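**Student:** I'd like to ask some things about the structure below.
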Amino acid sequence: MSTQENRNNRIIEAILEKEKTLCPGAVALIGIYGSFQTGDIHPLSDLDLLILINDDRGWKLGTSFIQDDLGIGHDIYCTNWESLREDACFLHPHISKLMDSRIVYCADEKYRTELEMLRDQVRRTLAEPFGENDCRKAENELKEARCCYADAMIADDLNVVRSYAGGTIYFAENAVALLNKTYFHKGVKRRYEELNAMERRPENLCRMIEDILQATTVESVKEKLSLLMKELAVCLQKAKQSVQQEKKPAEPETLSGTYEEMFSNWHGKMIQAAELGDRHLAFMSLVSLNQMLSGIGSEVDIGSYDVLSVYDPGNLRKTAEGFETILKDYLREYDRAGLVANRVPGIDAFIASYLESGET
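With the first letter of the sequence shown counted as 1, position 211 gets the number 213 in this note's numbering; the numbers rise by one all the way through.
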């Protein structure tokens, strides 16, 4: 038995000994993951443990310490069942603790059975064909990367920019892993190796990341970050297109009331914007209309609407006319669905019709 293995065993024995006196029955099982499970052992490798606890008493077992004779830091960290169940939903790729831990202690076989059930849940998920849900998971990580990227782009201090660049890279790597329906089996030191083995990724992904890490000025970090984010956006879009299912035709129950809502929300605002020369009102109204049409179009086939193309900051009357053209085009979707816009000649007609419609 090596010195490291002996040390590891003594740490595990100490945890179980402390459990007996401090919180009996709190530990469900203990597993080893990380470098001592993958074989990537270095003289300074610490011990990564899955210490799965049954209740809050188990948190008392956690601690951190530095082993001065070898210059190694150890973090004895506990995990509860709730956290492990969240990992089993596979919303992020850092689940090697759940999937790859080698169990070295189990208080009761029922805990091992429950752990295997969680692992089977993940295996079933990974075995399913790549689909829209996987794209959504990856997109959620990419949104986090964009937030970090935005913070980096408005920062001026190099260290601050680098800090946000680190967040961008972290979430970008997560997004790529989820696009490939996989998780990181190895540690950070093997990250490039794992990323390069993934099919759905920007070409030269690791080279782009390395360029960010080598950048020495604020401007160069931002430039390299921008390149990475653009390539990731293209990669995600290609993945979406590969799984995009044929949209359902628009039906009355899907579209009913949407034209009237668009007219109500933005028709008057666009006219007022033109009269007042209010660019903000005109632009934000078009943005809102664009979001609504995009939302409908993500569910059913209504074609495409290039809403922002009608915006002319120098001619808001022309912009308002463009808005009216979009609404007229959308009315064709009503025609195809067999709908007629709910128009009334005046408020009296509305009230009569409104009250009548509730009668049985």
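From the three backbone atoms N, C-alpha and C, an ideal C-beta is built for every residue, glycine too.
Everything numeric in this text was worked out from a predicted model, so none of it was measured.
(1) Measuring alpha carbon to alpha carbon, tell me which of 66, 190, 45, 206 ends up nearest residue 13.
(2) Please classify residue 92 as buried or exposed, where buried requires at least 16 other C-beta atoms within 10 Å of its C-beta.
(3) What is the rounded straight-line gap between the Cα of residue 242 and the Cα of residue 300?
(4) Please report the residue range of the beta strand (DSSP E) in which residue 81 lies.
(5) Report yes if the C-beta distance between residue 416 and residue 307 is below 9 Å; otherwise report no.
(6) Considering only their Cβ atoms, is the gap separating residue 227 from residue 151 smaller than 9 Å?
(7) Going by DSSP, which residues form a beta bridge with residue 77?
(8) If you count every other CB in all the chains shown that lies within 10 Å of the CB of residue 166, and 16 or more means buried, which is it?
(9) Among the residues of its own chain, which have a CB less than 7 Å from the CB of residue 62, if the five just before and after it don't count?
(10) Within the segment 204 to 287, note down every full alpha helix (DSSP H) run reaching 4 residues or more, in order along the chain.
(11) Let's test the definition: count the other Cβ atoms within 10 Å of the Cβ of residue 325 and tell me whether it reaches 16, buried, or not, exposed.
(12) Quick one: is residue 32 buried, meaning 16 or more other Cβ sit within 10 Å of its Cβ, or exposed?
(13) Going by Cα to Cα distance, which pick from 133, 144, 220 is closest to residue 157?
(14) Going by C-alpha to C-alpha distance, which of 170, 134, 288, 208 sits closest to residue 144?
(15) Three-state secondary structure (DSSP) at residue 362?
(16) Would you say the beta carbon of residue 164 comes nearer than 8 Å to a heavy atom of the ligand ADP?
(17) Between residue 111 and residue 213, what straight-line distance do the alpha-carbon atoms span, to the nearest angstrom?
(18) What is the residue span of the beta strand (DSSP E) that residue 35 lies within?
(19) Quick one: using the 10 Å Cβ neighbour count with 16 as the cut-off for buried, is residue 317 buried or exposed?
(20) Can you list, in chain order, the residues of its chain whose CB lies under 6 Å from that of residue 162, leaving out five sequence neighbours each side?
(21) DSSP state of residue 303, grouped into three classes?
(22) I need the straight-line Cα distance from residue 189 to residue 304, nearest angstrom please.
(23) Taking Cβ positions, are residue 183 and residue 230 nearer each other than 9 Å?
(24) Thinking C-alpha only, which one of 88, 64, 75, 258 is nearest residue 342?
(25) Taking contact to mean at least 3 C-beta pairs separated by less than 8 Å, is the segment 66 to 75 in contact with the segment 87 to 103?
(26) Quick one: give me the first and last residue of the alpha helix (DSSP H) that residue 150 is part of.
(27) In angstroms, rounded to a whole number, what distance separates the CA positions of residue 5 and residue 77?
(28) Quick one: is residue 352 buried, meaning 16 or more other Cβ sit within 10 Å of its Cβ, or exposed?
(29) Starting from residue 313, follow the alpha helix (DSSP H) in both directions and report where the run begins and ends.
(30) Return the Cβ separation of residue 288 and residue 313 in integer angstroms, given the expectation that the two are a contact with Cβ distance under 8 Å.
(31) State the DSSP-derived secondary structure class of residue 345, mapped to helix, strand or coil.
**Tutor:** In short:
(1) Translated into positions along the sequence shown, residue 13 becomes position 11. The shortest C-alpha separation from residue 13 is found at 66.
(2) Locating residue 92 in the sequence shown gives position 90, counting from the first residue. Buried: at least 16 other Cβ atoms inside 10 Å.
(3) Sequence index remark: in the sequence shown, residue 242 carries index 240 (1-based). Sequence index remark: in the sequence shown, residue 300 carries index 298 (1-based). Looking at the two C-alpha atoms, the distance is approximately 12 Å.
(4) Translated into the one-based positions of the sequence shown, residue 81 becomes position 79. Annotation: the continuous beta strand (DSSP E) that includes residue 81 extends over 80 to 82.
(5) As shown, the chain starts at 3 and ends at 362. That puts residue 416 outside it, with no answer to give.
(6) Residue mapping note: residue 151 aligns to position 149 of the sequence shown, counting from 1. Residue mapping note: residue 227 aligns to position 225 of the sequence shown, counting from 1. In this structure, residue 227 lies closer than 9 Å to residue 151 by Cβ.
(7) Within the sequence shown, residue 77 is the residue found at index 75, counting from 1. Looking at the DSSP output, residue 77 shares a beta bridge with 66.
(8) As a working note, residue 166 is residue 164 in the sequence shown. The residue in question, residue 166, is buried, as its Cβ has 16 or more Cβ neighbours within 10 Å.
(9) Position 60 of the sequence shown holds residue 62. These residues qualify, in order along the chain: 24, 25.
(10) Runs found: 207 to 216, 220 to 245, 254 to 257, 260 to 264, 270 to 278.
(11) Along the sequence shown, one-based indexing puts residue 325 at 323. Result: buried.
(12) Taking the first residue of the sequence shown as 1, we reach residue 32 at position 30. Buried.
(13) For the purposes of this step, residue 157 is taken as residue 155 along the sequence shown, with counting starting at 1. Looking at the Cα atoms, 220 is the closest of the given residues.
(14) Here residue 144 refers to the residue found at position 142 of the sequence shown. The candidate whose alpha carbon is nearest that of residue 144 is 170.
(15) Walking along the sequence shown from the start, residue 362 turns up at place 360. Its pLDDT being 46, under 50, residue 362 is placed unreliably in this model, and the coordinates cannot settle the point.
(16) Among the components of this structure there are no ligands whatsoever, and the ligand ADP is therefore not found.
(17) On the sequence shown, position 109 is the one that residue 111 refers to. On the sequence shown, position 211 is the one that residue 213 refers to. Approximately 49 Å between the Cα atoms of the pair.
(18) The residue labelled residue 35 in the question sits at position 33 within the sequence shown. Note, residue 35: beta strand (DSSP E), 29 to 35.
(19) Along the sequence shown, read from residue 1 onward, the residue named residue 317 stands at position 315. Residue 317 should be labelled exposed.
(20) Here residue 162 refers to the residue found at position 160 of the sequence shown. If we look at residue 162 and ignore the five residues flanking it on each side, it has no Cβ neighbours.
(21) For this step, residue 303 is matched to residue 301 along the sequence shown. If DSSP states are grouped into helix, strand and coil, residue 303 belongs with the strands.
(22) Indexing the sequence shown from 1 puts residue 189 at position 187. Indexing the sequence shown from 1 puts residue 304 at position 302. The straight-line gap from Cα to Cα measures roughly 46 Å.
(23) The residue given as residue 183 occupies position 181 in the sequence shown. The residue given as residue 230 occupies position 228 in the sequence shown. Cβ atoms of residue 183 and residue 230: not closer than 9 Å.
(24) Taking the sequence shown and counting its residues from 1, the one referred to as residue 342 is at position 340. Ranking the options by Cα distance to residue 342, first place goes to 258.
(25) no
(26) Here residue 150 is taken as the residue at index 148 of the sequence shown, counted from 1. It spans 134 to 156 - the alpha helix (DSSP H) in which residue 150 sits, taken as one unbroken run.
(27) Here residue 5 refers to the residue found at position 3 when the sequence shown is read from its first residue. Here residue 77 refers to the residue found at position 75 when the sequence shown is read from its first residue. If you take the alpha carbons of residue 5 and residue 77, they lie about 19 Å apart.
(28) One-based indexing of the sequence shown puts residue 352 at position 350. With fewer than 16 other Cβ atoms within 10 Å, it is exposed.
(29) Working through the sequence shown from its first residue, we reach residue 313 at position 311. Counting along the chain, residue 313 falls outside any alpha helix (DSSP H), and DSSP gives it neither H nor E.
(30) Translated into the one-based positions of the sequence shown, residue 288 becomes position 286. Translated into the one-based positions of the sequence shown, residue 313 becomes position 311. Yes, residue 288 and residue 313 are in contact; Cβ-Cβ is about 6 Å, under 8 Å.
(31) Taking the sequence shown and counting its residues from 1, the one referred to as residue 345 is at position 343. If DSSP states are grouped into helix, strand and coil, residue 345 belongs with coil.
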